[in-house]
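Below is one structure, written out as structure tokens, with a few remarks after it.
There are 2 protein chains.
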Amino acid sequence: MLHTMNNRESDSTDVLLEYQSQKLQDLIEEVVRCCKERTLFLSKKFDIPEAELRCLMLFGEERYLTAKGISQKLDVAKSRVTKIINGLVQKRLVESIDDPKDARIKLIGLTSKGHKKSRQLGDITKDLHQKLLLEFEPEQRKMVISCLEILRTSMEAVKNQMV
Amino acid sequence: MLHTMNNRESDSTDVLLEYQSQKLQDLIEEVVRCCKERTLFLSKKFDIPEAELRCLMLFGEERYLTAKGISQKLDVAKSRVTKIINGLVQKRLVESIDDPKDARIKLIGLTSKGHKKSRQLGDITKDLHQKLLLEFEPEQRKMVISCLEILRTSMEAVKNQMV
DNA sequence: GGATATTGGTTCATACCATGTACTTAAATG
DNA sequence: CATTTAAGTACATGGTATGAACCAATATCC
Numbered sequence: 005m006l007h008t009m010n011n012r013e014s015d016s017t018d019v020l021l022e023y024q025s026q027k028l029q030d031l032i033e034e035v036v037r038c039c040k041e042r043t044l045f046l047s048k049k050f051d052i053p054e055a056e057l058r059c060l061m062l063f064g065e066e067r068y069l070t071a072k073g074i075s076q077k078l079d080v081a082k083s084r085v086t087k088i089i090n091g092l093v094q095k096r097l098v099e100s101i102d103d104p105k106d107a108r109i110k111l112i113g114l115t116s117k118g119h120k121k122s123r124q125l126g127d128i129t130k131d132l133h134q135k136l137l138l139e140f141e142p143e144q145r146k147m148v149i150s151c152l153e154i155l156r157t158s159m160e161a162v163k164n165q166m167v
Numbered sequence: 005m006l007h008t009m010n011n012r013e014s015d016s017t018d019v020l021l022e023y024q025s026q027k028l029q030d031l032i033e034e035v036v037r038c039c040k041e042r043t044l045f046l047s048k049k050f051d052i053p054e055a056e057l058r059c060l061m062l063f064g065e066e067r068y069l070t071a072k073g074i075s076q077k078l079d080v081a082k083s084r085v086t087k088i089i090n091g092l093v094q095k096r097l098v099e100s101i102d103d104p105k106d107a108r109i110k111l112i113g114l115t116s117k118g119h120k121k122s123r124q125l126g127d128i129t130k131d132l133h134q135k136l137l138l139e140f141e142p143e144q145r146k147m148v149i150s151c152l153e154i155l156r157t158s159m160e161a162v163k164n165q166m167v
């Protein structure tokens, strides 16, 4: 009897797990899709390709970035960075100057136009996430964030198991 | 005094909101990045482009899909579907037959090879999400899912405000 | 000091994602 | 039966991304 009990129990947890994992999969997919739509929206609104927008947001308080640094931060090949920078230079959003100490290096910096766009863009996404938070009750906000924190950590962990 | 009290209160909630929204932004970004890595990984593992994998997973219990239906489900232009189907046909994962009732329509169906790949792929992603759930305590699982549910709903709501 | 790595960046070929327009053929409709 | 509508394809265009080959400049090591 204990045996059948155990079977029944593990069966029902299996069913639950199955149901929950399907749900999880769907939810994550929808969240991702929503984010993709958002970046596409911003790209169209600003009439700047997504990769260039991402690059524009890299200059936090840094005055200058190098192509190599951008390549690492964006996690793309350095040849890709050349293209992205070219696009931004053509739009007069960044400009590159030669490093005075090392002639190989080019320092990429925001123009004033670039600064403005960057600030605008940052304000919009900040606003967006604040609106998102305001959809929750104040007590819920902490919970959502800590949930996402655990989720992120777990995804990282599962990713590392994955081969 | 009440006035300063109020100011102090709203100031501190503003600071909290600011902090939380930044955190939220970072966390969502990391989750999205993680998902992107996963799909890229699967695409490389199976040596099939991401869009084709997505298409392959569309045949749940359906015997046949049409290009138009696929276009709607994948949310891409129909000309894009032609390309995706071509790729899958070349890999002998799907085949298209003429609709017996309407000569305009082509019915796209999985080959047996396609069925196998599709099942494999589904098993892997299911397994992945189960592993992800198992990273949590049983009581936490429900909470994470309901958190994501609220998040998704809120993102949808904010998206609709967005113009 | 000069030969030999190493590094930063660009160019080019390639492949994938995605759209929109124009076009063909076939069905629906009036 | 003529016209409109629908399904699918072809093609031009543009964005994302990589990797190999390459050039120029700096570092390194006898």
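First to last, the sequence lines map onto chains A and B.
For our numbering, add 4 to where a residue sits in the first sequence, where the first one is 1.
For our numbering, add 4 to where a residue sits in the second sequence, where the first one is 1.
Note that CB positions come from ideal geometry on N, CA and C, so glycine has one too.
Starting from the beta carbon of residue 158 of chain B, find every residue of chain A whose beta carbon is closer than 8 Å, and list them in chain order. Counted from its first residue, the second sequence places residue 158 of chain B at position 154. 136, 139 and 140, listed in chain order.
Indicate the three-state DSSP secondary structure (helix, strand or coil) for residue 130 of chain B in the structure shown. Taking the second sequence and counting its residues from 1, one reaches residue 130 of chain B at position 126. The answer is helix: DSSP assigns residue 130 of chain B an H, G or I state.
Give a yes or no on whether the minimum CB-CB distance between residue 80 of chain A and chain B is below 8 Å. Here residue 80 of chain A refers to the residue found at position 76 of the first sequence. No, because no Cβ of chain B sits closer than 8 Å to the Cβ of residue 80 of chain A.
DSSP beta-bridge partners of residue 82 of chain B: Position 78 of the second sequence, counted from the start, is the residue given in the question as residue 82 of chain B. DSSP output for residue 82 of chain B lists no bridge partner at all.
What are the boundary residues of the beta strand (DSSP E) that residue 149 of chain A is part of? The count along the first sequence starts at 1 and reaches residue 149 of chain A at position 145. Counting along the chain, residue 149 of chain A falls outside any beta strand (DSSP E), though it belongs to the alpha helix (DSSP H) covering 142-165.
Would you mind stating whether residue 92 of chain A and residue 56 of chain A have Cβ atoms separated by less than 8 Å? Against the first sequence, residue 92 of chain A aligns to sequence position 88. Against the first sequence, residue 56 of chain A aligns to sequence position 52. Against a cut-off of 8 Å, the Cβ pair of residue 56 of chain A and residue 92 of chain A comes out as a contact.
With distance defined between alpha-carbon atoms, name the residue in B:45, B:167 and B:156 nearest to residue 29 of chain A. Translated into positions along the first sequence, residue 29 of chain A becomes position 25. The residue with the shortest Cα to Cα distance from residue 29 of chain A is B:156.
Chain-ordered residues of the segment 18-38 of chain B with a beta carbon less than 7 Å from chain A: 21, 24, 25, 27, 28, 29, 31, 32, 34, 35, 36 and 38
Going along chain B in order, which residues have a C-beta closer than 8 Å to the C-beta of residue 161 of chain A? Locating residue 161 of chain A in the first sequence gives position 157, where the first residue counts as 1. Neighbours of residue 161 of chain A on chain B, chain order: 139.
Kindly give me the distance between the Cβ atoms of residue 25 of chain B and residue 137 of chain A, rounded to whole angstroms, as I take these residues to be in contact under 8 Å. In the second sequence, residue 25 of chain B corresponds to position 21, counting from 1. In the first sequence, residue 137 of chain A corresponds to position 133, counting from 1. Contact holds; Cβ gap of about 5 Å.
How many Å lie between residue 147 of chain B and residue 81 of chain A at the Cα? Counted from its first residue, the second sequence places residue 147 of chain B at position 143. Counted from its first residue, the first sequence places residue 81 of chain A at position 77. Roughly 39 Å between the two C-alpha positions.
Own chain partners of residue 69 of chain B with C-beta closer than 7 Å, once the 5 adjacent residues on each side are dropped: As a working note, residue 69 of chain B is residue 65 in the second sequence. Around residue 69 of chain B: 62, 63 and 112.
Residue 147 of chain A versus chain B: which residues are under 9 Å apart at the beta carbon? Along the first sequence, one-based indexing puts residue 147 of chain A at 143. The answer, in chain order, is 147 and 151.
Counting only C-beta atoms, is residue 41 of chain B closer than 8 Å to chain A at any point? On the second sequence, residue 41 of chain B is found 37 positions in, with the first residue counted as 1. Answer yes: the Cβ-Cβ gap between residue 41 of chain B and chain A drops below 8 Å somewhere.
Residue 158 of chain A and residue 141 of chain B look like a contact to me (Cβ under 8 Å); what is the Cβ gap, rounded to whole Å? By one-based count along the first sequence, residue 158 of chain A stands at place 154. By one-based count along the second sequence, residue 141 of chain B stands at place 137. No, residue 158 of chain A and residue 141 of chain B are not in contact; Cβ-Cβ is about 11 Å, not under 8 Å.
In whole angstroms, give me the CA-to-CA distance for residue 72 of chain A and residue 84 of chain A. The count along the first sequence starts at 1 and reaches residue 72 of chain A at position 68. The count along the first sequence starts at 1 and reaches residue 84 of chain A at position 80. One C-alpha to the other measures close to 11 Å.
Is the beta carbon of residue 32 of chain B closer than 8 Å to that of residue 151 of chain A? For the purposes of this step, residue 151 of chain A is taken as the residue at position 147 of the first sequence. For the purposes of this step, residue 32 of chain B is taken as the residue at position 28 of the second sequence. It is not a contact, given that the beta carbons lie outside the stated cut-off.
Under three-state DSSP, which class holds residue 21 of chain B? Position 17 of the second sequence, counted from the start, is the residue given in the question as residue 21 of chain B. In the structure shown, residue 21 of chain B sits in a helix (DSSP, three-state: H, G or I).
Run through chain B and tell me which residues come within less than 9 Å of residue 45 of chain A, C-beta to C-beta. Translated into positions along the first sequence, residue 45 of chain A becomes position 41. In chain order: 163 and 166.
Chain B within 8 Å of residue 62 of chain A, Cβ atoms only: Walking along the first sequence from the start, residue 62 of chain A turns up at place 58. Chain B, which has no Cβ nearer than 8 Å to the Cβ of residue 62 of chain A, makes this no.
Buried/exposed call for residue 44 of chain A, threshold 16 Cβ in 10 Å: Start at 1 with the first residue of the first sequence, and residue 44 of chain A comes out as number 40. The residue is exposed, with fewer than 16 neighbouring Cβ atoms inside 10 Å.
Can you tell me the Cα-Cα spacing of residue 149 of chain A and residue 154 of chain B, whole angstroms? Taking the first residue of the first sequence as position 1, residue 149 of chain A is located at position 145. Taking the first residue of the second sequence as position 1, residue 154 of chain B is located at position 150. If I take the Cα positions, the gap works out to 12 Å.
Close-in-space but distant-in-sequence residues of the same chain around residue 74 of chain A (CB under 8 Å, 5 per side omitted): Mapped onto the first sequence, residue 74 of chain A falls at position 70. If we look at residue 74 of chain A and ignore the five residues flanking it on each side, its Cβ neighbours are 59, 62, 85, 88, 89 and 112.
Can you pull the chain A residues whose beta carbon is under 9 Å from the beta carbon of residue 154 of chain B, in chain order? Numbered from its first residue, the second sequence carries residue 154 of chain B at position 150. Simply 139, 140, 144 and 148.
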